[in-house]
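Colleague: Read top to bottom, the protein sequences are chains P and L. Note that the first sequence covers residues 71 to 377 in the working numbering. Note that the second sequence covers residues 531 to 1074 in the working numbering. Just so you know, even glycine gets a beta-carbon here, dropped at the ideal spot from N, CA and C. Here it is, the structure, as C-alpha cells.
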Amino acid sequence: MSSVIETVGLEKSFGKVRALDGLDLSVAPGEVHGFLGPNGAGKTTTIRVLLGLLRGDAGQARLFGGDPWEDAVSLHRRIAYVPGDVELWPNLTGGETIDLLGRLRGTLNASRRDTLIDRFDLDPTRKGRTYSKGNRQKVALISALASDAELLLLDEPTAGLDPLMEAVFQEVIREMKAEGRTVLLSSHILAQVEVLADRISIIRLGKVVESGTLRDLRHLTRTTFTVETAQPADGIAQMPGVFNFEPTDGQVRFDVDGEHIDVVVRELSALGVQAITSRPPTLEQLLLRHYGDEIGAPGEERAEVAR
Amino acid sequence: MTTATTSASATGRGTLAGTGTLVRLMLRRDRVKLPAWILGISVFWLYYTRLVPQAYPTPEDLESIVSMMTAGSGSIWTGPTYFLENMTYETFIPGAYGGYQFLIIALMSILLVIRHTRVEEQTGRAELVRASVVGRHAPLTAALITALFANVIVAVLVALMMIADPVFGTAGSLLFAAGCLVTGLAFAGLASVFVQITEYSRTATSLAAGAGLGGAFMIRAFGDLGGDHGTTLSWFSPLAWPQQAAPFVLDRWWPLALSLGFAAVTAALGYVLSSRRDVGAGLVAARAGRARATRWLGTPIGLAWRLERKAILWWAIGMGLLGMGMGAFSNAAVPGEMPEALEQVLGGTENILAGYLSYMGVFIATIVAVYAVLAVQGVRAEETVGRGEPVLATAVSRWSWLGSNLVVGAIGVAITMAAAGAGVGLGAAAAMGDNSLVWEVTLAHLNHVPAVLVVLGFAGLLFGLVPKATSAAWALVGYGFLVGTFGGLMSLPDAAIKASPFEHAARMPIESFELAPVAAVGAVALALAVAGLVGFRRRGINVT
C-alpha cells in the first residue's frame, strides 16, 4: 500500500529564511511516525504545508496520494489536526469547541467524545478564555481523537500536559494505532516519541537527516551512566561501545551505545554497584554528536520566522 | 491572606510597596496610547473652541444654531442650558460641547484603569508582578496615580488652550479645566470598583463603560430633559456635576467637590473589595456554559454568526439610540432657522426636513461602515491569533470560511442600518407627529446598505490580497465621511465625490428610490468581495 504522507524535495522559504530545504518524508499507513527535531527545524512548516495552509515553493507533497493544496477540503475529511499552540474562542466553552471542530471536520464520534472528556478530566462547561494552556491543548486533542479521521497530525501535542495526562495520551494513541490509524507525532523530545513511534524521522534545518525504525536508530541512542562502585570501575573504559569515560570524585561517568548496554551493566554489577543513574540522550546531544550542530542559535532564529 | 493583612498594616507601606515602579511601568507601556488619547482629547476641544466662532460668525448665526441644538430633546445631548441666559461664544461652547469632552475623558480614565488592573490579572501578568516585592494595593494605586497624571495633563492643556483664546475668561477656563480633571478621577474611581466584580476584562469594560458611563449619561440626559438647568434627577449623575458648575455663567466650584467625593468613595470601595478577593478572581464567580454545542454551531456560517452576533446586537442598539436622538432634532429643521452652512450640507432650503433626514442616511451609513471594517479586522485577528488555522484544517474551504464571515458581516450591516433607520424614523415621527416618517426613513436608510457593503467588500479584498493592509479600509470610511459631510461645502470635483460609495444611492426621502445606482453599487461590493475570496484562496495562512 502506498504512503499516507509522501514528500519529495519539499522546499519552503519565508523571505530569506529557508524553512524547508528539500524535505523527504514518508509515512506508511497504520504507523505512528515520530517527527523529531529541535525548535525551528521546520516541523510546523511541514505540517502546515501538508494541511494546505501553506504552499511549498518546490518539490512534492502528497497526502493519501492527493495534492494537499488543491484537494484540501476532501483530504481534510480524513485528517484530524492538533496545533502546537492551541487558541480557543474566548466565549465558546470547551465542549462547544470540541463539537464545532468535529462537525466542521465531518466526523465526531459522540460516545468517544464523552469518554475522552472523562479520561482527560476536562470540564467542558468552561469558557475558552478561562482554560490554562494544558486545558486548551486537551480541548484540541479530544476533538481530534474523537474523530474517525484516518490520519492524525499532532504538533507537539503534549507540551502543556502533566505526566498523568501524558500517560492517558499515550494510551489513547496506542488504541488509535490498534484501530489501524496513522499518526504523525511531532516533538522535540526524543523520549516522548520513543515510547510511541514505530518509525522516526529526524529533521534538522529543514531536511530529514535520519529516518527509520527505532532499531535502525539504535546507534543514535547512546545512554549516559553515572555509577558509584565498591571496586574501581576503570576496566569499563576499555569495553566495546563505551565512550567519554571520565572518573569524577569517587564516581564514573560514561556513555554506552544502545546495543552494548546489557554487557556493560553485567560487568558493572560484578563491581558492586552502590548508586547508579542512567539518562537517555537528548535530541540536542544526538544532533551535536552526529552533525556538530551548534545548539540553539540558528534553530531559534528560524523558529520565529516559521510561526 | 490573614498574615499578609497583619504584616501589611503593621508596616503601613507594605500594601503599597512597589507603587512607584509600577507607575513607571504603566507610563512606559502606555507611552503611545496615553499621549494619543490626550492629544485626541485636546485637538477635539481645540476644534470646537476655534470652529464655532468661525462657522457661526454673527450673533444671529449663533442664535439659530442654539435654537436648533436646544429644540425638542436637544438637552439630551448638550446638558443643562445655562448659556441661554447670556448667549456668547464663551458661555455657549463649554455649555453645548463640554458634555462630549467630559464623556471622552471619562472613557479614557475607565479604559486606563481596566487596562492596568483587570487585564493584567486576566492575562496572568499581575501574578508575576505581585510575586515580587509589590504590595497588595500597589497595582490599583499605581493605576489611579497614572489616571490622575493623565487627567492633570488633559486639564492643564484644556486650561492653557482656553486662556490663550481671547474668547474665554481665565476664571471660567480654570473651572472648566478643573471639571475635566475631577470627572476623569470620578470615573477612574468607578472603574476601580467594576474591575473587582468580574474575572474578565471584557465584562469589566462593558459594565464600566455601559452600565457606569452609559448609565450616568442616561440619568443626566433624562434629568436635563425636565428643565433648562436640569432637575434633581440630573444631580445623581457624575456627568452632571462639571456641567452644573456652569463655567462662565455661575462659575460655582462646589459641584466639583461632589466629583472629588465620588472619586474618593468609589476608589475606597475598590480597595475594600479588592482585599476581599484573590488575585485573578472576581467577586462574582465565572458562570459555566454549555457542555455541548447546539446544532446551529456546526457550520462555518454558524460559527461566524456565533462570534459576531453580540457585536451586531450592540451595534444595532447603539445605532438605534443614536438614530432616535438624531431624529428627534427633526423639528429644528425649519427653513431660515438654521445657519446657512448647515442648510447647504442638508441640500438647500426648499425641503429642509426631507433634506435633513436624507443626510442622516448618509451620515449613519458612514458610521455603520466602521462596523464593516471592524468585522473584517475581526476575521484577520482570527487568522493571526491562530483560531482560523484549526478551522481551515477541517473540511472547510477557504472560500466558505471567508465567505461565511463576509455574509455575516453583510447581515450585520443590514440589521444595523435597519435599526438606525428605524431609530431616526421613530425620533422624527415623534418630533413631527407624523407616523408615516418611520417607514419612509427606514427605507431611506436601507437604500444605503449597498454602499456600506462596498466598504465591507473593500476590506475583504485587502484581507484576501494584502492581509497586513486590511486596516487601510479605514481610509475609505474616512473619505466617505469627509465627502458626505463637507463635500457640498468644499465644491469638490464630481469625480472626487463619486469616488465615495455613499454618494450614488438616491437621497431618499428628498429624491425617490432608483434601482440602477443601488444595483451598480451592490455589484461593485460583490465584485470586491469575490476578488478578495479568490485572492484568499491563493495565499498562505498566517505567513509572517
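When you compare each of P/T228, P/V143, P/L93, P/L178 to P/G126 by their alpha carbons, which one comes out closest?
Modeller: Taking the first sequence and counting its residues from 1, one reaches residue 126 of chain P at position 56. Cα-wise, what sits closest to P/G126 is P/L93.
Colleague: Could you please tell me which residues of the stretch 914-945 of chain L, in chain order, have their CB closer than 7 Å to any CB of chain P?
Modeller: Only those residues of the stretch 914-945 of chain L whose C-beta falls short of 7 Å from the nearest C-beta of chain P are listed: V915, G916, R917, E919, P920, V921, L922, A923, T924, A925, V926, S927.
Colleague: Give me the subset of the stretch 212-234 of chain P whose CB atoms are less than 7 Å from a CB atom of chain L, sorted by chain position.
Modeller: The stretch 212-234 of chain P vs chain L, Cβ under 7 Å: nothing.
Colleague: By a C-beta neighbour count over all protein chains shown, 10 Å radius and 16 as the cutoff for buried, is L/I847 buried or exposed?
Modeller: Walking along the second sequence from the start, residue 847 of chain L turns up at place 317. Exposed: under 16 other Cβ atoms inside 10 Å.
Colleague: Report the three-state DSSP secondary structure of L/V682 (helix, strand or coil).
Modeller: By one-based count along the second sequence, residue 682 of chain L stands at place 152. The answer is helix: DSSP assigns L/V682 an H, G or I state.
Colleague: Does P/H146 come within less than 8 Å of chain L when only Cβ atoms are used?
Modeller: As a first step, residue 146 of chain P is located in the first sequence; it is residue number 76 there, counting from the start. Yes, its Cβ sits closer than 8 Å to a Cβ of chain L.
Colleague: Run down chain P in chain order and give the residues with a C-beta less than 9 Å from the C-beta of L/A811.
Modeller: Position 281 of the second sequence, counted from the start, is the residue given in the question as residue 811 of chain L. The premise fails here: L/A811 is roughly 11 Å from chain P at the closest Cβ pair, so nothing lies under 9 Å.
Colleague: Is P/R74 near P/A98, with beta carbons less than 8 Å apart?
Modeller: Against the first sequence, residue 74 of chain P aligns to sequence position 4. Against the first sequence, residue 98 of chain P aligns to sequence position 28. Looking at the sequence itself, residue 74 of chain P is Val, so the reference to Arg does not match. The answer is yes: Cβ separation under 8 Å.
Colleague: How about P/T185: is its C-beta nearer than 8 Å to some C-beta of chain L?
Modeller: One-based indexing of the first sequence puts residue 185 of chain P at position 115. No, P/T185 does not count as interfacial toward chain L.
Colleague: Put L/Y612 into one of helix, strand or coil per three-state DSSP.
Modeller: As a working note, residue 612 of chain L is residue 82 in the second sequence. Note: L/Y612 maps to helix in three-state DSSP.
Colleague: Quick one: which unbroken beta strand (DSSP E) runs of 3-plus residues sit fully inside the stretch 298-342 of chain P? Chain order, please.
Modeller: 312-318, 321-327
Colleague: Which of the three DSSP states, helix, strand or coil, is assigned to P/L93?
Modeller: Position 23 of the first sequence holds residue 93 of chain P. The answer is strand: DSSP assigns P/L93 an E or B state.
Colleague: Beta strand (DSSP E) containing P/I149: first to last residue?
Modeller: Counting from 1 along the first sequence, the entry for residue 149 of chain P is found at position 79. 149-152 is the span of the beta strand (DSSP E), which, as asked, contains P/I149.
Colleague: Is the shortest distance between the beta-carbon of P/P138 and the beta-carbons of chain L less than 8 Å?
Modeller: One-based indexing of the first sequence puts residue 138 of chain P at position 68. Closer than 8 Å to the CB of P/P138 there is not a single CB belonging to chain L.
Colleague: Where does the unbroken alpha helix (DSSP H) through P/E76 begin, and where does it stop?
Modeller: As a first step, residue 76 of chain P must be located in the first sequence, where it is residue number 6. No alpha helix (DSSP H) holds P/E76; the beta strand (DSSP E) holding it covers 75-84.
Colleague: Identify every run of the alpha helix (DSSP H) within the stretch 945-1000 of chain L, keeping only runs that are complete inside it and at least 4 residues long; order them along the chain.
Modeller: 966-976, 979-995
Colleague: Kindly list the residues whose CB is nearer than 6 Å to the CB of P/L170, restricted to its own chain and excluding five residues on each side of it in sequence; keep chain order.
Modeller: By one-based count along the first sequence, residue 170 of chain P stands at place 100. Closer than 6 Å at the Cβ level, and outside the excluded window around P/L170, lies no residue.
Colleague: Who does P/R132 pair with in a DSSP beta bridge?
Modeller: Locating residue 132 of chain P in the first sequence gives position 62, where the first residue counts as 1. Bridge partners of P/R132 according to DSSP: P/E76.
Colleague: Taking only beta-carbon positions, decide if L/G957 is within less than 8 Å of chain P.
Modeller: For this step, residue 957 of chain L is matched to residue 427 along the second sequence. By this cut-off, L/G957 is not an interface position.
Colleague: So what does P/H103 bridge to, in DSSP terms?
Modeller: Position 33 of the first sequence, counting from 1, holds the residue named residue 103 of chain P. Per DSSP, P/L254, P/R269.
Colleague: Over what stretch of residues does the alpha helix (DSSP H) that includes L/S1024 continue unbroken?
Modeller: Stepping through the second sequence from its first residue, residue 1024 of chain L is reached at position 494. Inspection of the sequence shows that residue 1024 of chain L is occupied by Asp rather than by Ser. 1024-1028 is the extent of the alpha helix (DSSP H) around L/D1024.
Colleague: So who's on the other strand from P/V278, going by DSSP bridges?
Modeller: Your numbering for residue 278 of chain P matches position 208 in the first sequence. Per DSSP, P/I273.
Colleague: For a minimum of 4 consecutive residues, which ranges assigned as the alpha helix (DSSP H) are wholly contained in the stretch 718-796 of chain L?
Modeller: 731-735, 745-755, 770-774
Colleague: Closest by CA to P/L357, which one among P/K208, P/L106, P/L90, P/E81?
Modeller: Reading the first sequence from its first residue, position 287 is the one you call residue 357 of chain P. Ranking the options by Cα distance to P/L357, first place goes to P/L106.
Colleague: Could you tell me how far apart the beta carbons of L/A895 and L/E838 are, in whole angstroms, since I believe they sit closer than 8 Å?
Modeller: For the purposes of this step, residue 895 of chain L is taken as the residue at position 365 of the second sequence. For the purposes of this step, residue 838 of chain L is taken as the residue at position 308 of the second sequence. Going by Cβ atoms, the distance from L/A895 to L/E838 rounds to 19 Å, so no, they are not a contact pair.
Colleague: Report yes or no: do three or more beta-carbon pairs, one from the stretch 298-312 of chain P and one from the stretch 325-341 of chain P, lie closer than 8 Å?
Modeller: yes
Colleague: How about L/L637 and L/L743: are their beta carbons less than 8 Å apart?
Modeller: Walking along the second sequence from the start, residue 637 of chain L turns up at place 107. Walking along the second sequence from the start, residue 743 of chain L turns up at place 213. It is a contact, given that the beta carbons lie within the stated cut-off.
Colleague: For P/I259, name the three-state secondary structure that DSSP assigns.
Modeller: On the first sequence, residue 259 of chain P is found 189 positions in, with the first residue counted as 1. Three-state result, P/I259: coil.
Colleague: Would you be able to state if there are at least three C-beta pairs under 8 Å between the stretch 885-895 of chain L and the stretch 923-935 of chain L?
Modeller: no
Colleague: Should L/R648 be flagged as near chain P, meaning a C-beta pair shorter than 8 Å?
Modeller: Within the second sequence, the letter at position 118 stands for residue 648 of chain L. Not closer than 8 Å to any Cβ of chain P, the Cβ of L/R648 fails to qualify, so no.
Colleague: Taking L/R645 as the reference, which of L/Q631, L/A672, L/S662 has the closest Cα?
Modeller: For the purposes of this step, residue 645 of chain L is identified with residue 115 of the second sequence, where counting begins at 1. Per the Cα distances, L/A672.
Colleague: Could you pull the start and end residues of the alpha helix (DSSP H) that P/L223 belongs to?
Modeller: Looking up residue 223 of chain P in the first sequence gives position 153. It is not in any alpha helix (DSSP H) - P/L223 instead sits in the beta strand (DSSP E) that spans 221-225.
Colleague: Is it buried or exposed for L/T824, if we count other Cβ within 10 angstroms and need 16 for buried?
Modeller: Residue numbering aside, residue 824 of chain L sits at position 294 when the second sequence is read from its first letter. L/T824 counts as exposed, since fewer than 16 other beta carbons sit within 10 angstroms of its beta carbon.
Colleague: Which of the three DSSP states, helix, strand or coil, is assigned to L/I1071?
Modeller: Residue mapping note: residue 1071 of chain L aligns to position 541 of the second sequence, counting from 1. Three-state result, L/I1071: coil.
Colleague: For chain P, is any of its Cβ atoms less than 8 Å away from the one on L/A952?
Modeller: Taking the second sequence and counting its residues from 1, one reaches residue 952 of chain L at position 422. Chain P contact via Cβ: absent.
Colleague: In chain P, which residues lie less than 8 Å from L/G848 when you measure between Cβ atoms?
Modeller: Translated into positions along the second sequence, residue 848 of chain L becomes position 318. Simply none; closest approach about 19 Å.
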